[in-house]
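Okay, structure first, notes after.
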Amino acid sequence: MAIQVHLEEILKRKNMTSKELCRLIDITEANLSILRSGKAKGVRFNKINKICYYLECDVGDILKFDGVLEEKDDEE
5 MAIQVHLEEI
15 LKRKNMTSKE
25 LCRLIDITEA
35 NLSILRSGKA
45 KGVRFNKINK
55 ICYYLECDVG
65 DILKFDGVLE
75 EKDDEE
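Quick note: the sequence shown uses the numbering used here, first residue 5, plus one each step.
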């Protein structure tokens, strides 16, 4: 996986549940679960903005590049 998602750690640090975050950023629990698992193909900037706002963190705290370029074509 080229991009790692560290949302779970931040939620724990902030003592916030996934359900609370979903309510605040207006996203379904299923979609947040996909994001947390790293299986999301994309995410809207406004959702990232809201996540950072409510968790009082930076984008780099949530998303990390692991230095690996995935070669599979996601457009198929």
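Each residue gets a CB set at the ideal place from its N, CA and C atoms; glycine is no exception.
- request: Kindly list the residues whose CB is nearer than 6 Å to the CB of K54, restricted to its own chain and excluding five residues on each side of it in sequence; keep chain order.
  value: So the qualifying residues of the chain are I29.
- prompt: When the Cα atoms are used, what is the spatial distance from E80 to F69?
  reply: A caution first: E80 carries a pLDDT of 48, below 50, which makes its placement in the model too unreliable to give a value.
Contact under 9 Å by Cβ, L25 with Y58: Yes.
- prompt: Does the Cβ of L73 have 16 or more other Cβ atoms within 10 Å, making it buried, or fewer, making it exposed?
  reply: That one is exposed.
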